[in-house]
Structure formats: C-alpha cells, structure tokens
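Chemist:
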Amino acid sequence: MFKECFKFYKQINSLEQQIDVIDFSNEVNTKIMKPKKLTSEFFNNDKEILDDLGLKSDLSDWNCYDVLNVPGLIFIKNPFTSTGQKYWMKRCIVDYTRKPNRLNIDAHHILGDGEDWWTTTNKNGNVKLRDQLRWATLGYHHNWDTKVYSETAKSKFPMDLFKLSKTIINLLEFPDEFKAEAVQKQVEMVCSCYEEMHFQYIENCYRN
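Residue numbers (numbering that gives the first Met the number 0): 0 to 207.
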C-alpha cells in the first residue's frame, strides 16, 4: 500500500495533477491542516540551546501545522537558521551516509571496504552512484522486509541529532511517553525514539 502511494505521488509533476497534495504555504486550507502556535516556555531563559542546534531562537518564526486528518502529525516548515541548514545538510549528506550507518545501496555491494558514498561520489564524479542513494538508517536499523527492529541491528546514535530530536519534542509539548516525531528540512528526517537514547533514524534522499 505504501509503495503504491509513493509511486502515485512521485509521478505528479504539475499543479493540475496535485490532487490531495497539501500546500503548506496556503494557510487558507484549514480543513486539512491548521497552523500550530508554539507557546512552550521551555526555552524562554536559554535561547542558546536553540542557537547551538541551528534552530531559530524566536519561536514566532517557526511555521508549524497540525495535519488534521492524521492526528499527531505535525509539519514544521524549515525551523533552521541559514547556519543550521548548512550544518544539518552536511551531517545528513556527508556524515550520516558513512558506516556504521546503513544505506539502500549496501545490498548491491557497490562500495568497497573503507569507502563511503560521499567521498567516492565526489572523487570519481560518479553521477549514477550519487543518484542511487535513497536512504540511510542510524541507530536501530529498519528491516524493510520484516518491518521489525532488532537489538542485533543497531549502531550508536549521534548525540547532536539526539539533542535536536528531544528539543523539538519538548517544544511541541508532547507527553513524556510520546517518543516519535518528524523533523522536516532539506533532506527529510524521521526520528523515532523507543527508549531513552535508543533512537532510530531514517534519512530519505530526494533530487529535483
């Protein structure tokens, strides 16, 4: 079902075809989504926390939306500063695509021992390899066949990404027991936390 939906929306290439596509720049469409105002006082006395993570320290500059037909789903439209964008893009593209993290291209044994996707792509100008990357997983590695997470398939989760995820969860004022949220930026990140410091992260890569 997910694959069918993915293929349907992937082939959409004109405004006329965009049926059921949410336009978050059009706040008039309140039947599908509703602007969410951040009222958390969690960081009122310590804006440095947000600055250090590359997040906009003025919460009134955050554009957040509740997706009404999917309870709990919140879309955040670029909460990052220009410096934060550069930092997290580098982390996603350069660092998170290295071992011990897993990539969709691992199954094809394209990279040799000691090679990483970013260095190899740029060294050889390998456009085909560049375009073959679809996702990377960190922490608990998702098994796309069984859809099951295992204690035997996990690696260390980056501390900066852990802090970013926890900070956004606190800002959105989710209950303590809630441990899964989405963060949207230039490269989509989906972070799921099952226990303290036990995170799973899927980085999806798209190209224009």
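Every residue gets a Cβ at the ideal spot worked out from N, C-alpha and C, and that includes glycine.
1) Is residue 55 near residue 38, with beta carbons less than 7 Å apart?
2) Rounding to the nearest angstrom, what Cα-Cα distance links residue 202 and residue 84 in this structure?
3) Where do the N-terminal and C-terminal ends of the beta strand (DSSP E) with residue 173 fall, by residue?
4) Entirely within the segment 29-94 and at least 3 residues each: give me those beta strand (DSSP E) ranges in chain order.
5) Is it true that the segment 60-74 meets the segment 20-34, where meeting means three or more beta-carbon pairs spaced less than 8 Å apart?
6) Between the alpha carbons of residue 179 and residue 45, how many angstroms are there, rounded?
7) Measure the C-alpha to C-alpha separation of residue 91 and residue 130 and round it to an integer number of angstroms.
8) Mind checking residue 8: buried by the 16 CB within 10 Å criterion, or exposed?
9) Measure the C-alpha to C-alpha separation of residue 107 and residue 134 and round it to an integer number of angstroms.
10) Pull the bridge partners of residue 102 from the DSSP assignment, please.
Modeler: Working from what's here:
1) no
2) 15 Å
3) No beta strand (DSSP E) holds residue 173; DSSP gives it neither H nor E.
4) 32-35, 62-66, 73-76
5) Using a Cβ-Cβ distance cut-off of 8 Å, the segment 60-74 and the segment 20-34 are in contact, since at least three pairs of beta carbons, one from each stretch, lie closer than that value.
6) The predicted model places residue 179 with a pLDDT of 42, which falls under 50 and marks its position as unreliable, so this point remains unresolved.
7) Rounded to whole angstroms, residue 91 to residue 130 spans 15 Å at the Cα level.
8) exposed
9) 14 Å
10) 135
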